[in-house]
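Trainee: Throughout the sequence shown, residue numbering follows our numbering, covering 4 to 707 in sequence. In this text, a Cβ means the ideal position worked out from N, Cα and C, and glycines have one as well. It should be emphasised that the depicted structure is a prediction, and the values quoted were computed from it without experimental measurement.
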Amino acid sequence: MGETKADGTKMANVAEPQAVPAVNKSTKKAEGNSIFSWLIVLALLGAWISVAVVWFDLVEYNSVVGTLGGVYDADGDGDFDVEDAKVLLGLKEKTVTVETRKAPYTRADTSVNQKTEEVLAGKSQRETESEVRDEGPESVPVTSVHEDKPARASDFHSFDSYENIDSTGELVVEALSEKTLELSATERYQGEESIPVQLEEINSKAEVTPESKAPPEEKPEPEPTAESVPLTQTAPETTSQTSAPQDSSEPTPESSPGHESTPEVTTETEAKKKKPKFFNKFDKTIKAEINAAEKLRKKGKVEEALRAFEALVQKYPQSPRSRYGKAQAEDDMAEKLRSNEMLLKAVNTYKEAADLPDAPADLIKATLKRRADRQQFLGRTRGSLATLEKLVQIFPEDITLKNDLGVAHLLIGDNIGAKQIYEEILAVAPNDGFAKVHYGFILKSENKIAESIPYLREGLRSGEPGTDDGRFYFHLGDALQRMGDANEAYEWYETGYQHGHFASVWQRSLYNVPGLRAQPWWTAKETGYTDLVRMLERNWMTIRDEALAVLDTSSGLFLPEDENLRETGNWGQFTLWQQGRKVGTSCQSVPKTCAFLERYPEATSCKRGQIKFSVMQPGTHVWPHTGPTNCRLRMHLGLVIPRTGCRIRCTNQTREWEEGKVLIFDDSFEHEVWQDADSYRLIFIVDVWHPELSQSQRHALSPI
4 MGETKADGTK
14 MANVAEPQAV
24 PAVNKSTKKA
34 EGNSIFSWLI
44 VLALLGAWIS
54 VAVVWFDLVE
64 YNSVVGTLGG
74 VYDADGDGDF
84 DVEDAKVLLG
94 LKEKTVTVET
104 RKAPYTRADT
114 SVNQKTEEVL
124 AGKSQRETES
134 EVRDEGPESV
144 PVTSVHEDKP
154 ARASDFHSFD
164 SYENIDSTGE
174 LVVEALSEKT
184 LELSATERYQ
194 GEESIPVQLE
204 EINSKAEVTP
214 ESKAPPEEKP
224 EPEPTAESVP
234 LTQTAPETTS
244 QTSAPQDSSE
254 PTPESSPGHE
264 STPEVTTETE
274 AKKKKPKFFN
284 KFDKTIKAEI
294 NAAEKLRKKG
304 KVEEALRAFE
314 ALVQKYPQSP
324 RSRYGKAQAE
334 DDMAEKLRSN
344 EMLLKAVNTY
354 KEAADLPDAP
364 ADLIKATLKR
374 RADRQQFLGR
384 TRGSLATLEK
394 LVQIFPEDIT
404 LKNDLGVAHL
414 LIGDNIGAKQ
424 IYEEILAVAP
434 NDGFAKVHYG
444 FILKSENKIA
454 ESIPYLREGL
464 RSGEPGTDDG
474 RFYFHLGDAL
484 QRMGDANEAY
494 EWYETGYQHG
504 HFASVWQRSL
514 YNVPGLRAQP
524 WWTAKETGYT
534 DLVRMLERNW
544 MTIRDEALAV
554 LDTSSGLFLP
564 EDENLRETGN
574 WGQFTLWQQG
584 RKVGTSCQSV
594 PKTCAFLERY
604 PEATSCKRGQ
614 IKFSVMQPGT
624 HVWPHTGPTN
634 CRLRMHLGLV
644 IPRTGCRIRC
654 TNQTREWEEG
664 KVLIFDDSFE
674 HEVWQDADSY
684 RLIFIVDVWH
694 PELSQSQRHA
704 LSPI
C-alpha cells in the first residue's frame, strides 16, 4: 500500500521522474544579461567610489585639476575641458596669449625687446625661438686685447692691434717678431701685452686687440682731498672685434681692420650695399653642402664645422667657397684653442682660397683682408703689408684698402711710404677723414705743427670710422697748445673726454687701468711707499755726489731728451732702470745709488716707468704734456736746485723742488716745467707702480 503524504493524499508506489531544464536561446540571453549587469554594477561602484573620494576630500581636487590644466590646457582658458580635447585632437587651433610688461629700457635689453616686438607683430613664439637658435656665433677674430686702453667707438682695428700712438706724439709698434708663433698659446692668447720698442722719430716710444685678461677689479672712487682734482674715470674697453653677421649661403666680408669711408647717397653707394657674391658657378651646384657646413660654424660647433669644410675641400679642391669656409673654421678653432699654430694654418688657407681660379672678386677681397688682419695679429707686419699691397693692386679704386695699406706702412715704421699713400688718397678723395687724421699725425711727427692742425681737425670733424680715437684728440690739442691756441686745445680735450677717451680734461693718458685713484699730487703716506721716500731723503747727498761724478765726466752719459717735449733749452737724462729692467752699465757708474734701490721692487719692477737722473739747463721750457699711463706715480728727489726760477705745474697747481726732499705727482695729468734760473737743475726721478694695482696686474701689464 502506498504511503500517505502529510496532507493525507497517497503517494504512488513508483517514483516520479525529475524535470530536465530545457537549453534554448532564452537561457543564453539571460546569461549574457547577467554578465553585462555585473559590469554595470562594477562601473557604478567605481563611480560611487570616485564621488566618495571627492565628496569626502580624500584627494585635493583643485590640485589635480591644476595639474591636468597645466599639461592639457590647450586652449589657454585655465582649465581642462572639452575645448581642450578638441585642440589636442587637432579639431581646433591653439590660441597663444602674449603677456607684455613695461620695463625701463636699457641698451642691454635691445635684443629682448626686439624679440618681444616680433611676437607682437605676428610671429609665433616658436618661430622667434627658431630664429634665435639659427643666429649662431659668427667667426670672432682673435684679437690682442689691452685691458688698459681707453674705450673708443671706432673701426680702427688694425691700428689698435699692433701699434699705438704714444702721448709724446709717436707711433709705437709692439715688438712682435716672426717667432711669435713659438710662444705658447697661453702667452699669446691670454691677452699678454707685447713690449713696445723704440723706433726713430715718430716710431720711437710708447690692441690690440682681436684679446685676453680679465679686467681689473673696480675700486671705489676715493673721497676728494685738498690736493685732488675731481675726475670722471673712463670705463674699461673690451676691444675685441666681431665679424659682421653673414648669410649662410653668401657671407659678407669680414669686418675691415681699418677704415671704411662714410657712405654718400650715390649710385656707387647703392651698388656697394648689394650682397657680396661669394659663390662661383660651380659652388652654386654644391651650395646645400656648403650651407650645411657654414650652419655648423655659425652655431659655434667649431670642430664639426672644420671637419665638414675639410671634407668639402678634399671632395671639391677647386671650390673657393669651401676653402674660404675651411679658413674661417680654422680661424675659429685657433680662437677656441688659443693656438698660434692653428691660426697660421688659417692664414695659409685664406691665401689658398684667394689664389684658386674663378674665385669671385668679393670672396678674394674678404679673404685677403682677413688674412692681412690675422698676419698683423701674429706680428707678421711685413707679411700683412704684402697682402694689403696685393689687395690694392687687385682693387685699385678701393680707398678703404689704401687706407689700410697706409696703416700697414706705419706699423713697420715706414712713415715716408705711409705719407705717400695718404697723399695719393687725398688727391682723389680730399674729404676722406681717415686719411686726413693719419696724414696730420705724420706731419706732426715731422714737427710740422701748424700744417698738421687742419688735417687733424677736419679728420676728427668728419666723424668717419677710425677717426674718433683718443690719440688724435690728444695730438690735435697738443699741436694747438704749442701754437698758442689753448682755448681751442681744451675744447678738443673736452670733446675727447666726452667721447670717453680721456679720464678727464686734465688726465689724458691713453694706457690706463680703470678705477685707480686719480689725483695730481700725492703725499708719501698716501702712496704707502714711506720707506722708499725716507731712504731717498736720508741718502740724498750720496745719490747727488754719484750723479755729479757722472755729470762731470766727458763720457756723455747724460743723453738729450728725445721725445720732442722741449720748446727751448737743453734737457739731459741718465737712465738706471728702464721698463723694469736694470741698465747694468749705468749702475756701474753709480753703484751706491743702485744698491739703495734694489730693496724697493715697487720702483725697480715698474715696467711702465723709469729710474733716472735728470739735468735741465737754464732757459729750458717743457711743453704741457701728459705721461702715457695712469699705472705709475713719479717721485722727484731734489739734488741740485737753484734758489729761484725752477718750478713744475701739474694741473692748476705749481710747486718748486727742494734739495733733499721728494715731490710725488701723477704724470698722467697735464704738467709743465720751467727752468729760468742761472744755473742747472739736477733731480733724481723714480717711477713707482700705482699703489692700488694688484701684484697680478703689475705682472700682466705691458712695459712702457
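Contact between the segment 437-445 and the segment 464-474: three or more CB pairs below 8 Å?
Mentor: These segments touch.
Trainee: Could you pull the start and end residues of the alpha helix (DSSP H) that residue 390 belongs to?
Mentor: To locate residue 390, count along the sequence shown from 1; it is residue 387. Taken as a continuous stretch (DSSP letters only), the alpha helix (DSSP H) holding residue 390 covers 384-397.
Trainee: Tell me the rounded alpha-carbon separation between residue 621 and residue 575.
Mentor: Residue 621 sits at position 618 when you count from the first residue of the sequence shown. Residue 575 sits at position 572 when you count from the first residue of the sequence shown. Each residue's Cα considered, the two are about 12 Å apart.
Trainee: Do the segment 536-544 and the segment 629-646 meet, that is, are 3 or more Cβ pairs less than 8 Å apart?
Mentor: Output reads yes: the segment 629-646 touches the segment 536-544.
Trainee: Who are the near neighbours of residue 280 in its chain, counting only those whose CB is closer than 6 Å to its CB and skipping five residues on each side?
Mentor: Numbered from its first residue, the sequence shown carries residue 280 at position 277. Cβ within range, chain order: 363, 365.
Trainee: Can you tell me which of the three DSSP states residue 543 falls into?
Mentor: On the sequence shown, position 540 is the one that residue 543 refers to. Helix.
Trainee: Identify whether residue 626 lies in helix, strand or coil by the three-state DSSP scheme.
Mentor: Reading the sequence shown from its first residue, position 623 is the one you call residue 626. In this structure, residue 626 counts as strand in the three-state DSSP scheme.
Trainee: Taking residue 1 as the reference, which of 293, 537, 411, 321 has the closest Cα?
Mentor: Not covered by the structure: residue 1. The range shown for the chain is 4 to 707.
Trainee: What would DSSP say about residue 281, mapped onto helix, strand or coil?
Mentor: Along the sequence shown, read from residue 1 onward, the residue named residue 281 stands at position 278. Correct three-state label for residue 281: coil.
Trainee: For residue 345, tell me which candidate among 357, 354, 355, 330 has the shortest Cα-Cα distance.
Mentor: The residue labelled residue 345 in the question sits at position 342 within the sequence shown. The shortest C-alpha separation from residue 345 is found at 330.
Trainee: Can you give me the C-alpha to C-alpha distance between residue 400 and residue 420, rounded to a whole angstrom?
Mentor: As a first step, residue 400 is located in the sequence shown; it is residue number 397 there, counting from the start. As a first step, residue 420 is located in the sequence shown; it is residue number 417 there, counting from the start. Their Cα atoms are separated by approximately 19 Å.
Trainee: When you compare each of 452, 337, 454, 479 to residue 463 by their alpha carbons, which one comes out closest?
Mentor: Here residue 463 is taken as the residue at index 460 of the sequence shown, counted from 1. Comparing Cα positions, the closest option is 479.
Trainee: How about residue 673 and residue 509: are their beta carbons less than 8 Å apart?
Mentor: If you number the sequence shown from 1, residue 673 lands on position 670. If you number the sequence shown from 1, residue 509 lands on position 506. Against a cut-off of 8 Å, the Cβ pair of residue 509 and residue 673 comes out as a contact.
Trainee: Indicate whether the contact test is met: 3 or more Cβ pairs, each with one atom in the segment 614-634 and one in the segment 577-590, closer than 8 Å.
Mentor: Verdict: yes, contact present.
Trainee: Could you tell me the distance, in whole angstroms, from the CA atom of residue 188 to the CA atom of residue 335?
Mentor: In the sequence shown, counting from the first residue as 1, residue 188 sits at position 185. In the sequence shown, counting from the first residue as 1, residue 335 sits at position 332. Because the pLDDT of residue 188 is 35, which lies under 50, any placement of that residue in the model is unreliable, and the number read from its coordinates should be weighed accordingly. Going by the C-alpha atoms only, they are around 14 Å apart.
Trainee: Thinking just about the alpha-carbon of each residue, which of 473, 703, 487 is nearest to the one in residue 500?
Mentor: Counted from its first residue, the sequence shown places residue 500 at position 497. For the residues 473, 703, 487, the minimum Cα distance to residue 500 belongs to 473.
Trainee: Between which residues of its own chain and residue 689 is the CB-CB distance below 6 Å, once the five residues before and five after are set aside?
Mentor: As a working mapping, residue 689 is identified with position 686 in the sequence shown. Cβ within range, chain order: 606, 614, 638.
Trainee: Is the segment 530-541 close to the segment 586-606, with three or more CB pairs under 8 Å?
Mentor: Yes, since at least three Cβ pairs between the segment 530-541 and the segment 586-606 fall closer than 8 Å, the two stretches touch.
Trainee: Going by DSSP, which residues form a beta bridge with residue 575?
Mentor: Here residue 575 corresponds to residue number 572 of the sequence shown, with the count starting at 1. Per DSSP, 563, 618.
Trainee: In the DSSP assignment, find the alpha helix (DSSP H) that holds residue 297 and state where it starts and stops.
Mentor: Taking the sequence shown and counting its residues from 1, one reaches residue 297 at position 294. Taken as a continuous stretch (DSSP letters only), the alpha helix (DSSP H) holding residue 297 covers 290-301.
Trainee: Compare the C-beta of residue 360 with all C-beta atoms of chain C and state if any pair is closer than 8 Å.
Mentor: No chain C is present in this structure, which holds just one protein chain.
Trainee: Secondary structure at residue 707, three-state DSSP: helix, strand or coil?
Mentor: Here residue 707 refers to the residue found at position 704 when the sequence shown is read from its first residue. Here residue 707 sits in coil by DSSP.
Trainee: Would a C-beta distance cut-off of 8 Å place residue 458 and residue 476 closer than the cut-off?
Mentor: Reading the sequence shown from its first residue, position 455 is the one you call residue 458. Reading the sequence shown from its first residue, position 473 is the one you call residue 476. It is not a contact, given that the beta carbons lie outside the stated cut-off.
Trainee: Take residue 386 and list the residues in its own chain whose beta-carbon comes closer than 6 Å to its own, dropping the five residues that flank it on each side.
Mentor: As a first step, residue 386 must be located in the sequence shown, where it is residue number 383. Same-chain partners within the cutoff: 378.
Trainee: Less than 8 Å between the C-beta atoms of residue 611 and residue 632, yes or no?
Mentor: Position 608 of the sequence shown, counted from the first residue, corresponds to residue 611. Position 629 of the sequence shown, counted from the first residue, corresponds to residue 632. Closer than 8 Å, so yes.
Trainee: How would you call residue 559, buried or exposed, if buried means at least 16 neighbouring beta carbons within 10 angstroms?
Mentor: One-based indexing of the sequence shown puts residue 559 at position 556. Residue 559 should be labelled exposed.
Trainee: With distances taken from CA atoms, which of 661, 703, 309, 451 is nearest residue 684?
Mentor: One-based indexing of the sequence shown puts residue 684 at position 681. The shortest C-alpha separation from residue 684 is found at 661.
Trainee: Take residue 686 and list the residues in its own chain whose beta-carbon comes closer than 7 Å to its own, dropping the five residues that flank it on each side.
Mentor: On the sequence shown, residue 686 is found 683 positions in, with the first residue counted as 1. 617, 639, 640, 641, 642, 660.
Trainee: Go through its chain and collect everything with a Cβ distance to residue 553's Cβ below 8 Å, but skip five positions before and after it.
Mentor: For the purposes of this step, residue 553 is taken as the residue at position 550 of the sequence shown. Correct list, in chain order: 560, 561, 577, 592, 593, 616.
Trainee: When the distance is taken between beta carbons, is residue 636 closer than 8 Å to residue 681?
Mentor: Within the sequence shown, residue 681 is the residue found at index 678, counting from 1. Within the sequence shown, residue 636 is the residue found at index 633, counting from 1. Not a contact, by the Cβ cut-off of 8 Å.
Trainee: Taking its Cβ as the centre, do 16 or more other Cβ atoms sit within 10 Å of residue 702, making it buried, or is it exposed?
Mentor: Residue mapping note: residue 702 aligns to position 699 of the sequence shown, counting from 1. Classification for residue 702: exposed.
Trainee: So, helix, strand or coil for residue 639, using DSSP?
Mentor: Mapped onto the sequence shown, residue 639 falls at position 636. Three-state DSSP puts residue 639 in a strand.
Trainee: Once the 5 residues before and after residue 452 are set aside, which same chain residues still bring their CB inside 7 Å of it?
Mentor: For the purposes of this step, residue 452 is taken as the residue at position 449 of the sequence shown. Around residue 452: 482, 485, 486.
Trainee: Could you check which residue in 309, 354, 657, 319 has the C-alpha nearest to that of residue 288?
Mentor: As a first step, residue 288 is located in the sequence shown; it is residue number 285 there, counting from the start. Looking at the Cα atoms, 319 is the closest of the given residues.
Trainee: Distance, Cα to Cα, residue 415 vs residue 384?
Mentor: As a first step, residue 415 is located in the sequence shown; it is residue number 412 there, counting from the start. As a first step, residue 384 is located in the sequence shown; it is residue number 381 there, counting from the start. Approximately 7 Å between the Cα atoms of the pair.
Trainee: Rounded to whole angstroms, what is the Cα-Cα separation between residue 150 and residue 707?
Mentor: Looking up residue 150 in the sequence shown gives position 147. Looking up residue 707 in the sequence shown gives position 704. Residue placement at residue 150 is flagged as unreliable, the pLDDT there being 42, under the threshold of 50; the coordinate-derived value follows with that caveat. The alpha-carbon atoms of residue 150 and residue 707 are separated by roughly 14 Å.
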